[in-house]
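First up is the structure itself, then whatever we jot down about it.
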Amino acid sequence: MPLLTCPNDSSPMQEVNRNGVTLDICPTCRGVWLDRGELEKLLGQVNGLERDYRDMNESARQHPDQSRPRSVYDTDQDDDYYRRTGKKKSKLGRLFDIFD
Numbered sequence: 001m002p003l004l005t006c007p008n009d010s011s012p013m014q015e016v017n018r019n020g021v022t023l024d025i026c027p028t029c030r031g032v033w034l035d036r037g038e039l040e041k042l043l044g045q046v047n048g049l050e051r052d053y054r055d056m057n058e059s060a061r062q063h064p065d066q067s068r069p070r071s072v073y074d075t076d077q078d079d080d081y082y083r084r085t086g087k088k089k090s091k092l093g094r095l096f097d098i099f100d
């Protein structure tokens, strides 16, 4: 395999494999380059994860406590049992997880 040089500063780049995707990283300028087809692989992985996440949450959307009628004397209006426990990651957030 030939040694790749950075187009920005002509220093040798390192080849790193993350999740089946080959990244060429310049340690000097911290530039990241993808080989042909690697961006499509990344986007395919992100779309697959997003689809799995959506399917997983479809079944969990209906909270079990929603079927219980609320009592008239229940003055606690901050809805503790409807609160979300985690933050949904965006597509770009998942895309940049490969750098961790």
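Sequential numbering of the sequence shown, starting at 1, is according to my numbering. Just so it is clear, CB atoms sit at the ideal spot from N, CA and C, and this is done for glycine as well. Predicted model only: the values in this text are computed from it and were never measured.
- In the three-state reduction of the DSSP assignment, aspartate 35 falls in the coil class, being assigned neither a helical nor a strand state.
- Counting the other Cβ atoms within 10 Å of the Cβ of methionine 56 gives fewer than 16, which makes it exposed.
- Around the Cβ of cysteine 26, a 10 Å sphere holds 16 or more other Cβ atoms; the residue is buried.
- A contact between stretches requires three or more CB pairs, one per stretch, nearer than 8 Å, and the stretch 2-11 meets this requirement with the stretch 26-38.
- Distances from the alpha-carbon of methionine 13 to those of Glu38, Glu40 and Arg30 put Arg30 closest.
- With respect to the 9 Å criterion, leucine 42 and leucine 95 are classified as neighbours on the basis of their beta carbons.
- Under DSSP, isoleucine 98 shares a beta bridge with no residue.
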